[in-house]
């Protein structure tokens, strides 16, 4: 569908940074307690920061390996659990969660991180996995002046289309009559989850972000069609798409190549 140049990625040896401190934090967000932690490299001066957002039904257990990539490159890496997500340590009912409530959570985390005395507020990246990728893209477009760059791993830009056709992961429903409650995987969801998504036009809303964007997507992804990332790469004015041999979530393969692509992106985009 799209004719994109192939990008060769060399996977280099991973050398951890000498000392990284793990700092827990908690903030109020939408009447809930949002909890997470910061990986802070022991370096002098203010640090660039990367805020890492997890996917649907996920939590910091799955995103901490991405945070470590940024910490090893000298970033203060912020990992957190969305409120109302149905997973993780933050509070709130998943029945009122949606992509838009998660965007509000992320913007509240961004405000918190900007106020940290060891963070350089002019150098903050948003990083998102799957649903967290869509959330990060929406937040970056809304606060472009406050976000230096955007990194998306297998972003679930399909969510609005899925909601409009009435099939979200393993949940099926009449899109014109969304049930008050339904379940996707192990997460109980309310109608708000689908209705908020149905109202989104993601490419119109996210692709005005003009700063550097990296998208890493697995060619073997069976949950999010890679064509969504290809379309985004064509629509963003300053985007690099790296297609890797990997599955959704990089569970079985793709993470090492994604890490190499990320490190290269951080070193070449200033």
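In my numbering, the protein residues as written are 44 to 313.
Yeah, the Cβ is synthetic: ideal placement off N, Cα and C, and Gly gets one too.
Taking the beta carbon of residue i as the centre, do at least 16 other beta carbons fall within 10 Å, making it buried, or is it exposed?
i: residue 253; result: exposed
i: residue 153; result: buried
i: residue 87; result: exposed
i: residue 316; result: An answer regarding residue 316 cannot be provided, because it is not within the stretch 44 to 313 covered by the chain.
i: residue 298; result: buried
i: residue 62; result: exposed
i: residue 67; result: exposed
i: residue 302; result: buried
i: residue 192; result: buried
Out of curiosity, what's the CA-to-CA distance linking residue i and residue j?
i: residue 215; j: residue 147; result: 27 Å
i: residue 76; j: residue 211; result: 27 Å
i: residue 79; j: residue 70; result: 9 Å
i: residue 184; j: residue 294; result: 29 Å
i: residue 91; j: residue 165; result: 8 Å
i: residue 316; j: residue 73; result: With the chain running from 44 to 313 in the structure shown, residue 316 is simply not present.
i: residue 284; j: residue 277; result: 9 Å
i: residue 94; j: residue 196; result: 13 Å
i: residue 9; j: residue 236; result: Beyond the ends of the chain as shown, which are 44 and 313, falls residue 9; an answer cannot be given.
i: residue 267; j: residue 159; result: 35 Å
i: residue 107; j: residue 82; result: 9 Å
i: residue 290; j: residue 261; result: 5 Å
i: residue 171; j: residue 242; result: 21 Å
i: residue 111; j: residue 120; result: 7 Å
i: residue 143; j: residue 226; result: 18 Å
Return the chain-ordered list of same chain residues with a C-beta closer than 7 Å to the C-beta of residue i, the five sequence neighbours on each side being excluded.
i: residue 100; result: 129, 130, 228, 229, 230
i: residue 309; result: 116
i: residue 271; result: 200, 201
i: residue 208; result: 218
i: residue 281; result: 253, 254, 255, 256
i: residue 137; result: 127, 128, 129, 230, 231, 232
i: residue 175; result: 96, 97, 98
Keeping to the same chain, check which residues put their C-beta closer than 6 Å to that of residue i; ignore five residues upstream and five downstream.
i: residue 223; result: 234
i: residue 244; result: none
From which residue to which residue does the alpha helix (DSSP H) around residue i run?
i: residue 271; result: 269 to 278
i: residue 155; result: 142 to 157
i: residue 227; result: Here residue 227 belongs to no alpha helix (DSSP H); instead the beta strand (DSSP E) covers 224 to 227.
i: residue 300; result: 298 to 311
i: residue 182; result: 174 to 185
If you drop the 5 nearest sequence neighbours on each side, which residues of the same chain put their C-beta closer than 8 Å to that of residue i?
i: residue 182; result: 146, 149, 150, 153, 169, 190
Ends of the beta strand (DSSP E) at residue i?
i: residue 80; result: 75 to 84
i: residue 255; result: Careful: residue 255 lies outside any beta strand (DSSP E) and carries neither H nor E.
Problem set entry | Contiguous beta strand (DSSP E) assignments of at least 3 residues, all confined to the stretch 92 to 139 | If you keep only unbroken beta strand (DSSP E) runs of at least 3 residues inside the stretch 92 to 139, you get 119 to 123.
Exercise. Considering only residues of the stretch 187 to 246, which uninterrupted alpha helix (DSSP H) runs meet the minimum length of 4 residues and lie entirely inside it, listed in chain order?
Worked result: Unbroken alpha helix (DSSP H) stretches of 4 residues or longer found wholly inside the stretch 187 to 246: 202 to 208, 234 to 241, given in chain order.
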